[in-house]
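Undergrad:
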Amino acid sequence: MKINISSSELFASLQYASRALGVKTTMPILDHFLFEASEDKLKITASDRETTQIVSLEPNSIDEEGAIAVPSHLLLDSLKEFVDQPITIETNVDTLEVVISWETGAISVPGMSAEGYPDVTKQIEEETKKFSIDASVLFDGIALTVFASAEKSIRPIMNGVFMDITPNEIIFVATDGHKLVKVPVEKTFDIEERMSFTLPRKAATLLKGFLTKESGTVEVSFDSKNIHFKYDDSILITRAIEGTYPNYNAVIPQNNKSKVVVNRRNLLNTVKRVSVCSDQANKLVKMTLGEDKLGLAACDIDFATSADDRIEYSYEGDNIAIGLRANHIVEMLSVMSSEEVALELTDATRAMLILPVNSENECEKNMVMLLMPIML
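Just so you know, my numbering puts 68 at position 87 of the sequence shown, and the rest follows in order with no gaps.
Okay, structure coming up:
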């Protein structure tokens, strides 16, 4: 294999693809990028066997077609020191040596045979389900929910983002049992019946990374085991999380007695200030809804620190004091874009809702965020 390519273009593609690599692997070849050069395309594959990222780019030229596995860390560490310039990547078929050369020098690294790279494409079964979605909608839906998914829950189904698709709507949902986000978006899909899957958290984060909020369409296909996303020249393949997603609508409280509307940025900054003095183990802050102010207080008995602050507003309802995790409030308010948010709750023992007010973001308009209280 021999190709000529821009160093910065290659580095950008490798940086993105590297997110699919595993932290630890029992297969040394999965610490490598698989390079496949043919016709006018260079295809780069990175995988941990559960999640696979494939990116394609057009080199300046392909003088010799071929395929080889190249050490990921050596390649990334080398290329990040380059200014943008043309480089040549050439392999020796007999020794599997990979030589990266440029105008004033060269680097040699040991490769591995492409034949030893496992088949990570995870072909979809014949009875596959398919739909197309605007890249901007998929991006926003994931960005607004993925943070609420669990990372290492004993219930695997909660370690990802659930997507529920009907002919007229898609609903994104994520929860870790302490917080929940539901994002319903009205869209028309060329499908005849309801379909759904749960996307693993790692794959959701990767998908958000290569989507943009600009125009474009993502082709999605899936079966009971695997999910494929195709966007421009990038393909993401992941194993679906098996199981039935919890009934998320059942835990969202209705007809809450108390409601207050506050400036989102003001509330976010106030929570951040007060939480500096909260117990670092649970990040507990006390939120008090009173007649003319929303009070926030926190303390850490072990370090003798405390803080309190208030936000003035007009409020009608019962006085309520509720315990909440500051880091969860910050996460929720940070992903939103609306100028104001509504806080709804009935009492200190039930979940509080955080809702956007008059958001201009299509995906935020009907979004519901739920936060479970903790004991004061």
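Just so you know, even glycine gets a beta-carbon here, dropped at the ideal spot from N, CA and C. The structure presented is a predicted model; accordingly, all values stated were derived computationally and were not measured.
1) Spatial neighbours of N347 within its chain, please: C-beta separation below 7 Å, excluding the five flanking residues on both sides.
2) Considering only residues of the same chain and omitting the five flanking positions on each side of S37, which have a CB-CB separation below 6 Å?
3) DSSP three-state label for K253, please.
4) Could you give the DSSP three-state label for K183: helix, strand or coil?
5) Jot down the residue ranges of each uninterrupted beta strand (DSSP E) in the segment 275 to 328, minimum 3 residues, whole runs only, in chain order.
6) If I301 and A329 are in contact, beta carbons under 8 Å, what's the gap, nearest whole angstrom?
7) What does the alpha-carbon distance come out to for the pair K110 and F143?
8) Any idea what DSSP makes of S59, helix, strand or coil?
9) Rank R30, L57, E20, Q34 by C-alpha distance to the C-alpha of S42 and give the top, closest one.
10) Leaving out five residues before and five after I135 in sequence, what residues of the same chain have Cβ atoms less than 7 Å from its Cβ?
11) Ordered along the chain, which non-local residues of its own chain (more than five positions away) have a Cβ less than 6 Å from that of I114?
12) Confirm, please, whether the CB-CB distance from S59 to I88 is below 8 Å.
13) To the nearest angstrom, how far is the alpha carbon of D260 from that of E223?
14) Residues in the same chain with beta-carbon distance under 8 Å from L2, minus the five sequence neighbours each way, listed in chain order, please.
15) Is it the case that the Cβ atoms of K206 and E325 are separated by a distance below 8 Å?
16) How would you label V74, buried or exposed, when you count the other beta carbons within 10 angstroms and need 16 or more for buried?
TA: So, from the listed chains and residues:
1) Only residues of its own chain outside the window of five on either side were considered, and among them P165 have a CB closer than 7 Å to the CB of N347, listed in chain order.
2) Only K22, K24, D214 meet the Cβ criterion.
3) Of the three classes helix, strand and coil, the one that applies to K253 here is helix, per DSSP.
4) Here K183 sits in helix by DSSP.
5) Whole beta strand (DSSP E) segments, 3+ residues: 286 to 293, 301 to 306, 321 to 326.
6) Their Cβ separation, rounded to whole angstroms, is 6 Å, which keeps I301 and A329 in contact under 8 Å.
7) Roughly 16 Å between the two C-alpha positions.
8) Correct three-state label for S59: helix.
9) If you compare the alpha carbons of R30, L57, E20, Q34 with that of S42, the shortest gap goes to E20.
10) Closer than 7 Å at the Cβ level, and outside the excluded window around I135, lies no residue.
11) The beta carbon of I114 sits closer than 6 Å to those of V199, all from its chain and outside the five residues before and after it, given in chain order.
12) The beta carbons of I88 and S59 sit closer together than 8 Å.
13) Answer to the nearest angstrom: the Cα atoms are 37 Å apart.
14) Here the set comprises L11, D12, A27, S28, D29, S53.
15) One thing to note: K206 has its Cβ no nearer than 8 Å to the Cβ of E325.
16) Exposed: under 16 other Cβ atoms inside 10 Å.
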